[in-house]
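Numbering follows numbering that gives the first Met the number 0, with no gaps: position 70 of the sequence shown is 69. For each residue, glycine too, the CB sits at the ideal point set by N, CA and C. Keep in mind that this is a model prediction, so the values were computed, not measured. Okay, so here's the structure we're looking at.
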Amino acid sequence: MGRLHRARWGHSLEKWIDDELGERRAQCVDAHVEGCEDCAGEVAALLKLKASIRRVRGGAAVPEAVGRLHIEADRLSSQ
Ligand SMILES: [Zn+2]
0 MGRLHRARWG HSLEKWIDDE LGERRAQCVD AHVEGCEDCA GEVAALLKLK ASIRRVRGGA
60 AVPEAVGRLH IEADRLSSQ
């Protein structure tokens, strides 16, 4: 994606995925992504990224980290 193109659309794409754009703006982005391979690719990449973040948050990685924090907290409070 060209720098100017990214500057124009990149930010909107993320908000669009998060459903944070107003209806009019969302429709504008919607129409653009339909016809723009660059932005469609960017949207696909962002969705993949967000899916993997959700996996990490909902998966085993977080409880393990929280468990470590509890152990650390116990250690600190018993000193
Ligand atoms: Zn585009």
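I think residue i touches residue j, with their Cβ atoms under 8 Å apart; what is that distance to the nearest whole Å?
i          : j          : result
residue 25 : residue 15 : 6 Å
residue 20 : residue 32 : Actually they do not touch by this definition, with Cβ atoms about 12 Å apart.
residue 37 : residue 4  : 6 Å
Have a look at the options and flag the residue whose alpha-carbon is nearest the alpha-carbon of residue i.
i          : options      : result
residue 13 : 1, 34 and 47 : 47
residue 49 : 72, 17 and 1 : 17
query: Is there contact between the region 9-19 and the region 38-46, where contact requires at least three CB pairs shorter than 8 Å?
result: With the cut-off at 8 Å, the region 9-19 and the region 38-46 touch.
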